[in-house]
Amino acid sequence: MTTPSAFSSCRISLALVLLLTCQSSAWVLPSHNISPSRTSTRLSATTDSDLARLRLEMHWTMAESAQDCLVDDPKTCGSAECTSCRGAGTHSCRFCRGTKQVYMGGNFLACPICDSHGLEDCHDCQGTGWVAEWTQINGDPEKDTKEVKP
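Per mature numbering (1 follows the signal peptide of the UniProt record, and there is no 0), the sequence shown runs over residues -26 to -1, 1 to 124.
Given below as structure tokens:
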């Protein structure tokens, strides 16, 4: 019977073997090995060093903004107004398009998505109206989050 320490060392050595195998095989997808069929979903950072630079800039900006942050005032926490909703925190409902009703089964029904309010929370700021500036490296939250993800 194996002891817990033997089991954990076995798991660690298995993880190391997998890590070394993955690094030497095609499982690691550096930006220059992406197939032509996936070029549309490719990161905009052209090299690994560009991606590392973007991550480093994000960490610096996060560290700088954390020093001056007052929790009661979001403007001091390195936050900027959300460009998608212009600070409102909401968009027109994408299903009823703000009409508060949907046509289903030959009848007009109250929109079940927005609860007949005509609005739903903004996806980029999660309904707060504010986005941390360090998430907007290039000014486009959608593009920036794709660049920074490993």
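All C-beta atoms, glycine included, are put in the ideal place defined by N, C-alpha and C.
Assignment of residue 102 by DSSP, reduced to helix, strand and coil, places it in the coil class. A straight line joining the alpha-carbon of residue 31 with that of residue 37 spans about 10 Å.
Counting C-beta pairs closer than 8 Å gives three or more between the stretch 55 to 67 and the stretch 98 to 107, which meets the contact rule. Taking every protein chain shown into account, the CB of residue 25 has 16 or more other CB atoms within 10 angstroms, so this residue is buried.
Separation of residue 83 and residue 77 (C-alpha to C-alpha, rounded to the nearest whole angstrom) is 6 Å. If you compare the alpha carbons of 85, 60, 79 with that of residue 98, the shortest gap goes to 60. A direct Cα-Cα distance of roughly 53 Å separates residue 35 from residue 80. Beyond the five residues adjoining it in sequence on each side, residue 95 comes within less than 7 Å, by CB distance, of 63, 64, 101 in the same chain, given in chain order. DSSP places residue 97 in the coil class of the three-state scheme, outside both helix and strand. When DSSP states are grouped into helix, strand and coil, residue 64 belongs to the strand group.
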